[in-house]
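So the structure is just underneath, and the comments pick up after that.
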Amino acid sequence: MRAFIQANITKLNIQQKNAYDKIIQVVDNNAGGFYFLDAPGGTGKMFLISLMLATIRSQQKIALAIASSGIAATLLDGGRTAHSALKLPLNIQVVETPTCNISRNSAMAKVLRGAGIVLWDECPMANKKSLQAFNRTMQDLRQKQQLFGGALVLLSGDFRQTLPVIPRSTPADEINACLKSSVLWRHVQRLTLTINMRVQLQNDRSVAAFSKQLLDIGEGKIPIDDTSLITLPNNLGTLLQSKEELIESVFLNIVVHVNEINFAIQEKLPGEATTYTSIE
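In UniProt numbering, the protein residues as written are 1 to 280.
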């Protein structure tokens, strides 16, 4: 783990290094706090998070990594979904003052009391009541009325992407369920990543222009008409004339490439090749 840290800490850009130093300093001082890492796609959020988790765990401290979706959780070392780890109510939207279903004597309670950091990725898609339930539970488990019981909580994600999804709701309902509508949000300290490392590494002007267009849409910099719609730039995508052209452009014949890779791997395997037939 130390080799991983030493090999990658020098690869952080200035924004990533500032965020890294801030969080590690808080962990070292056991100061606690409430932070949000604002990181649009391509800015190296997962690289930074992985390095933070590795550094904290190398100090023999607990770093709990959770995410709002299962796919995001699989990208975190030791990651779990927030609903699974925190035992959040499934009907959290209709519960007035929800709490996590974690008893004081449970194994998870012990983890949360001793955690050096709780990192919650893709939090913008979580309902604000989930965060408030977590806050109440941490205050109860730690027997402290400080925010999250005095623990360090780092949220991360991008509010320009998916917000909470509420069935049969209005846009106003979704905004009200957003974390930024929570009474807790005024206490958050913001860390920001804006340098798109994915674009820089590709060194492609068209990719950089496309990335900027997406960010401008997310930032609300594109004019909105009287019907609350925006006009997309003409060069935002490629217009195709038929379904056949779409299939050829998007759904390439990857079977050919897969077969080539499979054959190359088979050539490296020891022993003689044997073919077995089966009957279905």
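For each residue, glycine too, the CB sits at the ideal point set by N, CA and C. From a predicted model like this one, the values you see are computed outputs, not experimental measurements.
{"Asked": "Output the boundary residues of the beta strand (DSSP E) element that contains residue 21.", "Found": "Note, residue 21: premise wrong, no beta strand (DSSP E); alpha helix (DSSP H) at 14-29."}
{"Asked": "Using the C-alpha atoms, what's the distance from residue 50 back to residue 28?", "Found": "18 Å"}
{"Asked": "Is there contact between the stretch 142-160 and the stretch 24-43, where contact requires at least three CB pairs shorter than 8 Å?", "Found": "yes"}
{"Asked": "Starting from the C-beta of residue 109, find all residues in its chain whose C-beta is less than 6 Å away, skip the five residues before and the five after it, and write them out in chain order.", "Found": "102, 141"}
{"Asked": "Can you give me the C-alpha to C-alpha distance between residue 11 and residue 193, rounded to a whole angstrom?", "Found": "15 Å"}
{"Asked": "Name the DSSP bridge partner or partners of residue 157?", "Found": "38"}
{"Asked": "In this structure, how does DSSP classify residue 121 when only helix, strand and coil are distinguished?", "Found": "strand"}
{"Asked": "In chain order, which beta strand (DSSP E) runs of at least 3 residues are fully inside the stretch 159-243?", "Found": "189-192"}
{"Asked": "Please classify residue 118 as buried or exposed, where buried requires at least 16 neighbouring CB atoms within 10 angstroms.", "Found": "buried"}
{"Asked": "In terms of residues, what are the limits of the beta strand (DSSP E) holding residue 62?", "Found": "62-67"}
{"Asked": "Which residues does DSSP pair with residue 152 in a beta bridge?", "Found": "33"}
{"Asked": "Does residue 275 come out as helix, strand or coil in the three-state DSSP assignment?", "Found": "coil"}
{"Asked": "Let's see if you can read the secondary structure: which residues bound the alpha helix (DSSP H) around residue 50?", "Found": "45-58"}
{"Asked": "Buried or exposed for residue 124, please, with buried defined as at least 16 other CB atoms from any protein chain shown within 10 angstroms of its CB.", "Found": "buried"}
{"Asked": "Confirm, please, whether the CB-CB distance from residue 195 to residue 177 is below 7 Å.", "Found": "no"}
{"Asked": "Using the Cβ count rule (16 or more neighbours within 10 Å means buried), how would you classify residue 122?", "Found": "buried"}
{"Asked": "What is the DSSP secondary structure of residue 137, counted as helix, strand or coil?", "Found": "helix"}
{"Asked": "Is the Cβ-Cβ distance between residue 135 and residue 148 less than 7 Å?", "Found": "yes"}
{"Asked": "Going by beta carbon distance, what residues of the same chain come within less than 8 Å of residue 285, once the five residues before and after it are set aside?", "Found": "Missing from the structure shown is residue 285; the chain here goes from 1 to 280 and no further."}
{"Asked": "Got a sec? Which residues, its chain only, sit under 7 Å from residue 88 by beta carbon, not counting five neighbours each side?", "Found": "82, 100, 130, 133"}
{"Asked": "Grab the span of the alpha helix (DSSP H) containing residue 251 for me, first residue to last.", "Found": "Looking at the DSSP string, residue 251 is not in any alpha helix (DSSP H), and its letter there is neither H nor E."}
{"Asked": "On the CB-based measure, 16 or more other CB atoms within 10 Å of its CB, does residue 189 come out buried or exposed?", "Found": "exposed"}
{"Asked": "Cα separation between residue 56 and residue 248?", "Found": "47 Å"}
{"Asked": "Rounded to the nearest angstrom, what separates residue 39 and residue 172 at their Cα positions?", "Found": "25 Å"}
{"Asked": "Inspect the beta-carbon positions of residue 37 and residue 156 and report whether they are closer than 7 Å.", "Found": "yes"}
{"Asked": "For residue 81, which residues does DSSP report across the bridge?", "Found": "67"}
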